[in-house]
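A.B. asks: Pasting in a structure now, in structure tokens, and then I'll have a few things to ask.
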Amino acid sequence: MIRYASLFSQLIAIFNRGRFHNLVFHHKAERYCKGFDSWDHFAAMLFCQLAQAKSLREICGGLSCCLGKLRHLGFKKAPNKSTLSYANAHRPWQMYQDLFYQTLDICKLAGTPKHRFKFKNKLLSLDSSTISLCLSLFPWAKFRRTKGAIKRHLLLDHDGYLPTFAYISNGKKHDVTVARKVPLSPYSIVAMDRGYNDYNLFAYWTENHIYFVTRLKDNADYTVIEERAVPQNRNILADQLIEFNGHYARKKCPHILRKVVVWDKEQNRQIVLLTNHLEFGATTISAIYKDRWQIELFFKALKQNLKVKTFVGTSENALYIQIWTALIAMLLIKYLQFKSKFNWSLSNMVAFLRWNLFTYRDLWEWIDNPFDVLPITPRSVQCPLPRNLDSIF
Numbered sequence: 003m004i005r006y007a008s009l010f011s012q013l014i015a016i017f018n019r020g021r022f023h024n025l026v027f028h029h030k031a032e033r034y035c036k037g038f039d040s041w042d043h044f045a046a047m048l049f050c051q052l053a054q055a056k057s058l059r060e061i062c063g064g065l066s067c068c069l070g071k072l073r074h075l076g077f078k079k080a081p082n083k084s085t086l087s088y089a090n091a092h093r094p095w096q097m098y099q100d101l102f103y104q105t106l107d108i109c110k111l112a113g114t115p116k117h118r119f120k121f122k123n124k125l126l127s128l129d130s131s132t133i134s135l136c137l138s139l140f141p142w143a144k145f146r147r148t149k150g151a152i153k154r155h156l157l158l159d160h161d162g163y164l165p166t167f168a169y170i171s172n173g174k175k176h177d178v179t180v181a182r183k184v185p186l187s188p189y190s191i192v193a194m195d196r197g198y199n200d201y202n203l204f205a206y207w208t209e210n211h212i213y214f215v216t217r218l219k220d221n222a223d224y225t226v227i228e229e230r231a232v233p234q235n236r237n238i239l240a241d242q243l244i245e246f247n248g249h250y251a252r253k254k255c256p257h258i259l260r261k262v263v264v265w266d267k268e269q270n271r272q273i274v275l276l277t278n279h280l281e282f283g284a285t286t287i288s289a290i291y292k293d294r295w296q297i298e299l300f301f302k303a304l305k306q307n308l309k310v311k312t313f314v315g316t317s318e319n320a321l322y323i324q325i326w327t328a329l330i331a332m333l334l335i336k337y338l339q340f341k342s343k344f345n346w347s348l349s350n351m352v353a354f355l356r357w358n359l360f361t362y363r364d365l366w367e368w369i370d371n372p373f374d375v376l377p378i379t380p381r382s383v384q385c386p387l388p389r390n391l392d393s394i395f
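Here the sequence shown is numbered in the working numbering, starting from 3 and rising by one per residue.
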């Protein structure tokens, strides 16, 4: 008698089947479906991410050889390459987008750790990452004359470093255009790079009590209206209140802003920060911008550990499904980190899961003691030793 299912089966079981089928019904994802339903499709694409399958052949072959361990999840048979390819091209990717936000709710219920600062404001980082594509394979993703690309836009919550907002656009869409769509609550703090400099956006956030910390443009024209005291023995060179001089700049953003000049010892340079938060200390403003580096680390971890650089389909729909599934897989890994008592690094957890996807262990015991919880071998699949051992030599 098998006491536990495989680790992959237990991971899939974290997702609520009832809520999943509500999404299927809402998006009409199984219209004209003939056998390969949405749940099987999702399980196949999640397997692609966790097992790091490089092609449709590897996904279908990997599921075929492990079919007995997936049967209780509803798999009648592993999909053919053509079946999986057709599903990726035609099943709506918006269903996976909604599933991402459902998975985010599961992660938040696990109890995300708070950010490292003393203030209680919600701290967020906003950034984008460009994925280069071959224009001959992805003609719909035209970016330059001979180059294709898409952009991933993410809003990272520093409570647990979870992505709370994601948006996929073509490579030509400006970051500021997406920033206007990001839902932000009052009194939250957003750290971002210089690419999001937009005076209309700054004014809108200031009027709605949303704080930002970014870098000031080199060619910005402003007047210093107040010099503030600089903390001693810190890397702060200047702390000033400023207002913009240009006619259009002042018309777009008439508010008083704050300029903080920070000395970066590692790069041996000055970093000029701009913020609309006038109360925090200059060292806190500097630390907030420095913590923005976590979103860069998130993008790096996503690229190194999941399948977001090479794709198993060339249609726009297939690419979107694969990226949204990668984000869902990242939330699932973060959820396991929150629940685990073992000090997992993200890369180690991804690697250990990949090596043990179809071993029989209790998932929750294994993530607490990965080296002590031994796999369970079902008696029904144990291979008997040959009677004549000499015959194998």
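For each residue, glycine too, the CB sits at the ideal point set by N, CA and C.
So the candidates are Ala-143, Thr-105, His-160 and Pro-115; which of them puts its Cα closest to the Cα of Leu-128?
C.D. replies: That would be His-160, whose Cα lies nearest to the Cα of Leu-128.
A.B. asks: Assuming Leu-348 and Ile-330 make a contact with CB atoms under 8 angstroms, what is their CB distance in whole Å?
C.D. replies: Not really, about 15 angstroms apart at Cβ, beyond 8 angstroms.
A.B. asks: Decide if Gln-339 is buried, meaning its Cβ has at least 16 other Cβ atoms within 10 Å, or exposed.
C.D. replies: buried
A.B. asks: Which word fits His-117, buried or exposed, when buried means at least 16 other C-beta atoms lie within 10 angstroms of its C-beta?
C.D. replies: buried
A.B. asks: Which residue wins for smallest C-alpha separation from Asp-42, given the options Val-26, Ser-138 and Ile-170?
C.D. replies: Val-26
A.B. asks: Just verifying my parser: in three-state terms, what is the DSSP assignment at Trp-265?
C.D. replies: Trp-265: strand per DSSP, three-state reduction.
A.B. asks: Three-state secondary structure (DSSP) at Leu-125?
C.D. replies: Looking at Leu-125 - three-state DSSP - the assignment turns out to be strand.
A.B. asks: Work out the CA separation of Leu-333 and Lys-36 for me, nearest whole Å.
C.D. replies: 30 angstroms
A.B. asks: From Lys-79 to Gly-63, what distance separates their C-alpha atoms?
C.D. replies: Straight-line Cα distance between these residues: approximately 11 angstroms.
A.B. asks: Using the rule of at least 16 other Cβ atoms within 10 Å of the residue's Cβ for burial, across every protein chain shown, is Phe-140 buried or exposed?
C.D. replies: By the Cβ-count criterion, Phe-140 is buried, with 16 or more other Cβ atoms from all chains shown falling within 10 Å of its own Cβ.
A.B. asks: Look at the Cβ atom of Arg-217, then the Cβ atom of Val-274, and state whether they are nearer than 8 angstroms.
C.D. replies: yes
A.B. asks: In the DSSP assignment, find the unbroken beta strand (DSSP E) run with Ser-171 in it and report its ends.
C.D. replies: 164-172
A.B. asks: What is the DSSP secondary structure of Ser-40, reduced to helix, strand or coil?
C.D. replies: The three-state secondary structure of Ser-40, taken from DSSP, is helix.
A.B. asks: For Lys-30, is the classification buried or exposed, using 16 other Cβ atoms within 10 angstroms of its Cβ as the cut-off for buried?
C.D. replies: It is exposed - the Cβ of Lys-30 has fewer than 16 other Cβ atoms within 10 Å.
A.B. asks: How many Å lie between Thr-285 and Asn-270 at the Cα?
C.D. replies: 18 angstroms
A.B. asks: The alpha helix (DSSP H) with Phe-22 in it runs from where to where?
C.D. replies: From DSSP, the alpha helix (DSSP H) with Phe-22 extends over 19-29.
A.B. asks: Can you give me the C-alpha to C-alpha distance between Glu-268 and Asn-237, rounded to a whole angstrom?
C.D. replies: 12 angstroms
A.B. asks: Which partner residues of Glu-245 appear in the DSSP bridge assignment?
C.D. replies: Thr-225
A.B. asks: Mind the definition here: the segment 222-232 touches the segment 172-190 only if three or more C-beta pairs lie below 8 angstroms; say whether that holds.
C.D. replies: no
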